[in-house]
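Dropping the structure here:
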């Protein structure tokens, strides 16, 4: 797998299947309407097949913005307090 020309991982594909994306959209997002931006991306923009298997990391991708590893984020959190985190892609 490549990110902006850099090899970052190797996927050892062990399964390849064609998903029912309409069913997936209904079960995950509660709708299959293409007006929903993520449903549109799922159905109209993503590939026709899904691939599963072992992923072997080679290097962390170089991003144009600051990123932190999970352990680096944990080090910044208050000790002994519960924390809720959210990631939007």
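Residue numbers (this note's numbering): 1111 to 1199.
Just so it is clear, CB atoms sit at the ideal spot from N, CA and C, and this is done for glycine as well.
All values reported here derive from a predicted model rather than from experimental measurement.
(Q) If I follow the unbroken beta strand (DSSP E) through residue 1119, where does it start and stop? (A) For the purposes of this step, residue 1119 is taken as the residue at position 9 of the chain shown. Where residue 1119 is concerned, the enclosing beta strand (DSSP E) stretches over 1119-1127.
Q. Could you give the uninterrupted runs of the beta strand (DSSP E) lying entirely in the segment 1125-1171, keeping only those of 3 residues or more?
A. As far as the segment 1125-1171 is concerned, its whole beta strand (DSSP E) runs of at least 3 residues are 1160-1167.
Q | Distance between residue 1149 and residue 1139 (C-alpha atoms, nearest Å) | A | Taking the first residue of the chain shown as position 1, residue 1139 is located at position 29. Taking the first residue of the chain shown as position 1, residue 1149 is located at position 39. So the alpha carbons of these two residues sit roughly 7 angstroms apart.
**Q.** Residue burial classification, residue 1111 (beta-carbon count within 10 angstroms, cutoff 16)
**A.** The count along the chain shown starts at 1 and reaches residue 1111 at position 1. Its Cβ having fewer than 16 others within 10 Å, residue 1111 is exposed.
Q: Decide if residue 1151 is buried, meaning its Cβ has at least 16 other Cβ atoms within 10 Å, or exposed.
A: Taking the first residue of the chain shown as position 1, residue 1151 is located at position 41. Counting C-beta atoms within 10 angstroms of its own C-beta, residue 1151 has fewer than 16 neighbours from the protein chains shown and is therefore classed as exposed.
Q) Who are the near neighbours of residue 1165 in its chain, counting only those whose CB is closer than 7 angstroms to its CB and skipping five residues on each side? A) Residue numbering aside, residue 1165 sits at position 55 when the chain shown is read from its first letter. Within the same chain, residue 1165 has close Cβ partners 1119, 1121.
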